[in-house]
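Residue 22 in numbering that gives the first Met the number 0 is what sits at position 23 of the sequence shown, and the numbering runs on without skipping anything.
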Amino acid sequence: MITNMKHIKNELEQKGIKPTYQRLCILEYLHAHLVHPTVEMIYDKLVERVPTMSKTTVYNTLKLLSEKGVINEITITGTEVRYDINCQSHHHFLCKKCGKIYDVDVTCPFANMDHKEISGHEIQEIHGYFKGICKECLTNQNNE
Ligand SMILES: [Zn+2]
Ligand SMILES: [Zn+2]
0 MITNMKHIKN
10 ELEQKGIKPT
20 YQRLCILEYL
30 HAHLVHPTVE
40 MIYDKLVERV
50 PTMSKTTVYN
60 TLKLLSEKGV
70 INEITITGTE
80 VRYDINCQSH
90 HHFLCKKCGK
100 IYDVDVTCPF
110 ANMDHKEISG
120 HEIQEIHGYF
130 KGICKECLTN
140 QNNE
């Protein structure tokens, strides 16, 4: 996947966020790693490349990005927040073995968002959580 720094920069500017180097690096990382990383995962990888990066910067940037609707926070595991760059309505599959979170395409009557109301409540976001063993882990299991 080719990540376009210029595109990311525009995206931030459109949302009124100052595109600092560290913010660009964090967003680029999210674009390149679609397994919905945690603050720790992002920090551990980025600090190798950007030594001035701190965990607080990563955390604050992710908070800001999700407030501005650039990314989504996912709490599928119940114990940690995972970050998602894909802001289209979609569902998630959590592998109980390796902890990766995959986007899944499920035909859901509300998925197209034509349907914006349920039992009189206004729908703003739809999150379906699926849990099990991912195909990678299943393959490894069968080869053991
Ligand atoms: Zn797995
Ligand atoms: Zn996702």
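Just so you know, even glycine gets a beta-carbon here, dropped at the ideal spot from N, CA and C.
With fewer than 16 other Cβ atoms from the protein chains shown falling within 10 Å of its own Cβ, M4 counts as exposed.
With three or more CB-CB distances shorter than 8 Å, the stretch 70-78 counts as touching the stretch 88-103. Taking 6 Å as the cut-off, one finds no heavy atom of ligand 2 near enough to the beta carbon of D104.
Residue environment: N71 is assigned as buried (16 or more neighbouring CB atoms within 10 Å of its CB, all protein chains considered). Classified as buried, D83 has 16 or more neighbouring CB atoms from the shown chains inside 10 Å of its CB. The secondary-structure analysis by DSSP pairs R81 across a beta bridge with I73.
When the beta-carbon positions are compared, K14 and K67 come within less than 7 Å of each other. The continuous stretches of alpha helix (DSSP H) do not include H126, and DSSP gives it neither H nor E.
Not one heavy atom of ligand 1 is found less than 6 Å from the C-beta of K8.
Around the C-beta of Y20, fewer than 16 other C-beta atoms lie within 10 Å, and the residue is accordingly described as exposed. Distances from the CB of K115 to the heavy atoms of ligand 1 are all 6 Å or more. The C-beta distance from E79 to T138 rounds to 26 Å, too long to meet the 8 Å contact threshold. A residue is called buried when at least 16 other Cβ atoms come within 10 angstroms of its Cβ; R48 does not meet this threshold and is exposed. In this structure, I7 lies near L23, with their beta-carbon atoms less than 7 Å apart.
Residue pairing from DSSP places H91 in a beta bridge opposite D102 and Y128.
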